[in-house]
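Student:
Numbering (the numbering used here), first residue to last: 768 to 1240.
#1: Going by DSSP, what residues sit across from residue 893 in a beta bridge?
#2: In this structure, does DSSP put residue 1046 in helix, strand or coil?
#3: What would DSSP say about residue 1021, mapped onto helix, strand or coil?
#4: Pull up the DSSP beta-bridge partners for residue 962, would you.
#5: By DSSP, does residue 1199 sit in helix, in strand, or in coil?
#6: State the start and end residues of the unbroken alpha helix (DSSP H) segment that holds residue 1242.
#7: Does DSSP classify residue 1013 as helix, strand or coil?
#8: Measuring straight from C-alpha to C-alpha, what distance separates residue 1018 and residue 933?
#9: What does the Cβ neighbour count give for residue 1088, buried or exposed, with the cut at 16 atoms within 10 Å?
#10: Which of helix, strand or coil does DSSP assign to residue 941?
#11: Please report the Cβ distance between residue 964 and residue 941, rounded to the nearest whole angstrom; I am assuming they are in contact, meaning their Cβ atoms lie under 8 Å.
#12: Spell out the partners DSSP gives residue 864 in its beta bridges.
#13: Is the beta carbon of residue 777 less than 8 Å from the beta carbon of residue 952?
#14: Can you tell me whether residue 1146 is helix, strand or coil according to DSSP?
#15: Does residue 906 get closer than 8 Å to chain D when you measure Cβ to Cβ?
#16: Roughly how many whole angstroms lie between the Cα atoms of residue 978 and residue 884?
#17: Report the partner residues of residue 806 according to the DSSP bridge assignment.
#18: By Cβ distance, which residues of its chain are closer than 8 Å to residue 902, with the 5 residues on each side in sequence left out?
#19: Count the other C-beta atoms from every protein chain shown that fall within 10 angstroms of the C-beta of residue 999, then say buried if there are 16 or more, exposed otherwise.
#20: Where does residue 847 land, buried or exposed, given buried means 16+ other C-beta within 10 angstroms?
#21: Might you give, ordered along the chain, the residues of its own chain that have their beta carbon closer than 6 Å to the beta carbon of residue 1026, omitting 5 neighbours on each side?
#22: Kindly indicate which three-state DSSP category residue 1178 falls into: helix, strand or coil?
#23: Tell me which residues share the same chain as residue 956 and place their Cβ nearer than 8 Å to its Cβ, disregarding the 5 neighbours each side in the sequence.
#24: In or out: residue 1076 buried (at least 16 other Cβ within 10 Å) or exposed?
#25: Would you say residue 853 and residue 863 are within 8 Å of each other, going by their C-beta atoms?
#26: By Cβ distance, which residues of its chain are closer than 8 Å to residue 916, with the 5 residues on each side in sequence left out?
#27: What first and last residue would you give for the alpha helix (DSSP H) that runs through residue 1162?
#28: Could you check the C-alpha separation between residue 1073 and residue 788 for me, to the nearest Å?
#29: Among the candidates 1050, 1092, 960, whose CA atom is the shortest distance from the CA of residue 918?
#30: Just how far apart, CA to CA, sit residue 1135 and residue 1102?
#31: By alpha-carbon positions, which one of 898, 1142, 995, 900 ends up nearest to residue 1086?
#32: Under the DSSP definition of a beta bridge, which residues are partnered with residue 1206?
#33: What residue from 924, 1057, 1162, 1033 has the CA that sits closest to residue 1203's CA?
#34: Suppose you measure from the CA of residue 939 to the CA of residue 909; what does that come to, to the nearest Å?
#35: Considering only their Cβ atoms, is the gap separating residue 895 from residue 1276 smaller than 8 Å?
#36: At the level of alpha carbons, what is the spacing between residue 898 and residue 973?
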């Protein structure tokens, strides 16, 4: 077991108080991290504030070079990092590799973004331009499902925009993030990136800290509402990427054999612990029987187990609290007599937070398993008869993060996509995000955007400078 330290003001430090981190596959301790509170947070924020006075004066090129160094450090140490990630998060090695290399790629891609001045007026009377200026010190709060990708998703645009950041990983998955902190310690100027760990009680301290100017958070809608409330005291800027109950719509012309495997992984990647995973799959009644059988048959070929073992396709739920919540949803489905195509029974071994791949056969629209975000390896399949009907059902949710349409007729797919009340819709694919396209939710799935120029702007204020020509002074 290794002890991992925090990054504050360019130094790796601890306070002598520790949190233990469990491997969800074995429930054994795999590392310890500092348990921080107000004192450590104040130190990190003060370091970020000092660093900001100089960092904001750097050129775009200088900031881009630093971010490229972060990307290189992650990529060069990917083999070590993905194995560590699996040990604390549970996802299979192949999916952990994708996250680590994806984070390095995201950093490299976003390092190319720039916010150019916009000329509003340029004539004989005045010159007016809008420039973007950094918000200041950012507080970043990261979830446990994609800890490295989400950390980079917050660190990189903050730095590129000219901000500094204090980042809090989830107490369930802080190890890989602190190892990355150690790798980039000498890449980033002291104080520009600070990473501190602690219990969930540390989050509200960040949200309410008087010297933090912006909060960027990824997590549940319930927590997002609390953050929004906490940030309101001094009108902090906020970006919230929250929950989703993402609907996939499969039209009758879809090729059953081709889409079955894709639909499976659209729901069960990372054991279903993905905000943009397909959580409700609507299949046209003409192909429902064939496609539901094909998905269930494929599910039976996928191994559920320890993510570090070769051949594992779906790992454990990351933590006990979420594990128990998913089991409760499954039990509710049983209690209501819903039909299961696969799964539904708890793993009898008793070790590790394993939930069998569970697929339900056409539960009602008001079932908890349909109306709530499962965030686990559970997928309801439902029949629909008409396009108008399925659009109404898909939109009947407090969430609006993402969705997908599966059809050979891409024009029809786009027509349906334009009627879905979500921030992102895919046609014949799933979970494809571009570093250059904005990502954000509608309704209770979020506030603001990440990725692309829109995401970068979230870390800035617009400032308009106007010069009057031939003014008498």
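C-beta atoms are modelled at their ideal positions from N, C-alpha and C, and glycine is treated no differently.
Tutor: The structure says:
#1: 1235
#2: strand
#3: It is coil, neither helix nor strand.
#4: 774, 934
#5: Here residue 1199 sits in coil by DSSP.
#6: Not covered by the structure: residue 1242. The range shown for the chain is 768 to 1240.
#7: strand
#8: CA-CA distance, residue 1018 to residue 933, rounds to 46 Å.
#9: exposed
#10: coil
#11: Separation of the CB atoms of residue 964 and residue 941 is rounded to 5 Å, and the pair is thereby assigned contact status at 8 Å.
#12: Answer by DSSP bridge pairing: none, since residue 864 is not bridged.
#13: yes
#14: strand
#15: Going by chain labels, chain D is absent from the structure shown, which holds only one protein chain.
#16: In a straight line, the C-alpha of residue 978 is about 28 Å away from that of residue 884.
#17: Paired residues: none, contrary to the question.
#18: Around residue 902: 928, 930, 980, 981, 1004, 1226, 1227, 1228.
#19: exposed
#20: Exposed, because fewer than 16 other Cβ atoms sit within 10 Å of the Cβ of residue 847.
#21: 1173
#22: In the three-state reduction of the DSSP assignment, residue 1178 falls in the helix class.
#23: 777, 818, 821, 822, 833
#24: Classification for residue 1076: exposed.
#25: yes
#26: These residues qualify, in order along the chain: 866, 869, 870, 873.
#27: Taken as a continuous stretch (DSSP letters only), the alpha helix (DSSP H) holding residue 1162 covers 1154-1162.
#28: Distance between the alpha carbons of residue 1073 and residue 788 is about 16 Å.
#29: Answer by Cα proximity: 960.
#30: 11 Å
#31: 1142
#32: 1217
#33: 924
#34: 11 Å
#35: Because residue 1276 is not part of the residues shown, which for the chain are 768 to 1240, the question remains open.
#36: 28 Å
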